[in-house]
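Asker:
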Amino acid sequence: MTPVNQTVRNRSDLRFAALVLCTGVLIGVRYHLALWTFGEHGFSELSDRLPYWDFTNLWAGGRMALDGHVAWLFDVDTYRAALRRMFSPDLPNQEWSYPPSILIFGAPLALLPIFSAYFIWTFGTVFCLWLAVRPLKLGMLAEAAILVCPAVFINAIFGQNGALTTAFLIGGLAVAPRRPILAGLLFGLLTVKPHLGILVPFCLLASGNWRAIIAAALSSAALFILTGASLGFDVWQLFWTETRPLMTAILEAPYPQPYQANAATMFFLARASGAGLTVAYAMQAIATIAAIAAAVWVWLPWRQVQHGERVVLTAVLATVATPYGYSYDTVGLAVAVAYLFSTRANIPRLFLALVWLYPAIAHLVNGVGLGIGVLVPLSLSAWMLAEIRARERTDIVSTAADGQAS
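Every position in the sequence shown, counted from 1, becomes a number in this note's numbering once 8 is added.
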């Protein structure tokens with residue numbers, strides 16, 4: 009599906025899109041000005057932490073690995089003490105939360121001062137995102153809009169990897185039919201945040217893309233072996249016995265917690281509603297199974313779905329499928345909004361504007377006890393699926409009418 013001719017696009021839509029885009033950028037710039045304004049102890053006024061925020065974990069983890077202290081990552085007290093020696097004795101508590109394979113990015117960056125590394129990381133991951141969306145052929149303006157969407161600003165504020173993991177997911181899905189080996193490589197790299205790739209194997213199986221499946225399995229295995237060979241294979245055991253239980257405890261902590269202010273999953277919605285762990289896990293299981301079923305349905309080869317539509321819908325469903333997701337993991341929603349605006353003559357513009365801007369205001373909504381972030385990707389995916397189904401029914405009716413006429 010080619011982009012809509014902008015001479016046909018309703019001028020009101022274009023003005024509205026420009027207003028929404030500028031609003032998101034202004035909010036993002038305002039947040040970043042606060043991020044780089046320092047208060048007591050040299051911490052950011054926005055976060056009361058170092059302005060690099062979560063990036064300090066990636067950089068410090070890489071530094072510890074280079075210095076031969078990778079085991080520190082898996083002992084919470086030792087890790088926090090090391091961070092405070094590196095940065096500030098007043099540094100708030102932080103934890104190592106990643107598979108050790110992410111150190112393939114952290115170790116090279118740790119060779120640089122953290123300020124330089126942070127900017128290379130932030131702009132480098134946004135560049136990767138741009139490369140990933142190019143196969144969708146949205147046009148220069150839509151691509152530029154994606155790169156300055158609120159989710160990207162939030163991702164940069166947190167020093168997070170959402171732009172990069174979205175690039176791996178969307179890039180891999182976009183090139184899977186034509187370049188399955190490259191797709192498999194990107195999916196292998198996505199295992200640095202495996203909970204964001206839950207839908208990938210189901211999409212590949214539904215489409216019968218065995219070359220991409222094999223390539224993904226081999227690249228994942230290669231990353232596992234490379235990490236073990238570089239850092240010692242015991243890091244994988246430590247990740248399983250130390251990091252995994254720690255992150256489970258963080259996931260299951262009673263609502264509200266400060267870090268849950270940007271949460272956007274069915275699990276967190278259940279917890280915010282007062283549900284216990286059993287009910288929360290059950291609700292998340294239903295959401296995950298529904299997302300898997302929808303992804304399989306849309307990736308079946310005989311579906312009347314454009315490939316780009318499959319890709320962006322899967323990126324939206326990925327945020328529904330995971331129990332552990334935050335506003336900085338929702339860059340894929342912005343890609344979906346840009347795709348819909350670029351390829352649809354008639355769009356629900358107020359709805360898409362809300363989806364676009366939500367990452368910038370998620371903490372405000374959650375801050376008043378409404379953990380409804382997951383309803384944004386859930387609603388968008390439901391709307392897209394309904395449109396696909398309606399289109400298929402229209403095609404069936406048209407085909408039947410043509411048959412009767414002949």
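For each residue, glycine too, the CB sits at the ideal point set by N, CA and C.
Rounded to whole angstroms, how far is the Cβ of L139 from the Cβ of A175, which I believe are closer than 8 Å?
Answerer: Rounded, the Cβ-Cβ distance is 7 Å, consistent with contact.
Asker: From the DSSP output, in three-state form, read off Y39 for me.
Answerer: It is helical.
Asker: Whether or not the segment 65-79 and the segment 207-227 are in contact is what I'm after, with contact meaning three or more pairs of Cβ atoms, one per stretch, closer than 8 Å; do they touch?
Answerer: In short, these stretches do not touch, since the Cβ pair count stays below three.
Asker: Using only CA atoms, which one of W67, L117, L348 lies nearest to G147?
Answerer: Comparing Cα positions, the closest option is L348.
Asker: Are the CB atoms of L277 and I419 within a distance shorter than 8 Å?
Answerer: A query on residue 419 cannot be resolved here, the shown segment of the chain reaching from 9 to 414 and no further.
Asker: Over the uninterrupted alpha helix (DSSP H) stretch that includes R88, give me the two end residues.
Answerer: Element bounds for R88: 84-94.
Asker: Does the distance from the C-beta atom of P367 to that of A159 stay below 8 Å?
Answerer: It is a contact, given that the beta carbons lie within the stated cut-off.
Asker: Taking 8 Å as the threshold, find out whether the segment 265-280 comes into contact with the segment 291-308 through three or more Cβ pairs.
Answerer: Yes, the segment 265-280 is in contact with the segment 291-308.
Asker: On the criterion of 16 or more Cβ atoms from any shown chain inside 10 Å, does Q312 qualify as buried, or is it exposed?
Answerer: That one is exposed.
Asker: Roughly how many whole angstroms lie between the Cα atoms of S105 and V200?
Answerer: So the alpha carbons of these two residues sit roughly 11 Å apart.
Asker: Tell me where the alpha helix (DSSP H) around C211 begins and ends.
Answerer: 208-215 is the extent of the alpha helix (DSSP H) around C211.
Asker: Check the C-beta distance from L325 over to A302 and give it rounded, since I have them as a contact under 8 Å.
Answerer: Indeed, because the Cβ distance is near 6 Å, the residues count as touching under 8 Å.
Asker: In the DSSP assignment, what residue or residues form a beta bridge with L46?
Answerer: Contrary to the premise, residue 46 reads as Phe rather than Leu in this sequence. Answer is S52.
Asker: Using 8 Å as the threshold, is the C-beta distance between F24 and T251 below it?
Answerer: No.
Asker: Is it a yes or a no for the segment 368-379 touching the segment 168-182, going by three-plus beta-carbon pairs under 8 Å?
Answerer: Result no; under three Cβ-Cβ pairs closer than 8 Å.
Asker: Would you identify the three-state DSSP class for Y106, choosing helix, strand or coil?
Answerer: In the structure shown, Y106 sits in coil (DSSP, three-state: anything other than H, G, I, E or B).
Asker: Only counting runs of 3 or more residues, tell me where the beta strand (DSSP E) segments fall wholly within the segment 272-343, in order along the chain.
Answerer: Runs found: none.
Asker: Roughly how many angstroms lie between the CA atoms of P188 and G196, to the nearest whole one?
Answerer: Answer to the nearest angstrom: the Cα atoms are 12 Å apart.
Asker: Would you identify the three-state DSSP class for D62, choosing helix, strand or coil?
Answerer: Reduced to three states, the DSSP call for D62 is coil.
Asker: Could you round the C-beta distance between V319 and G170 to whole angstroms and report it? I think they count as a contact, below 8 Å.
Answerer: Contact flag wrong, Cβ pair sits at about 17 Å.
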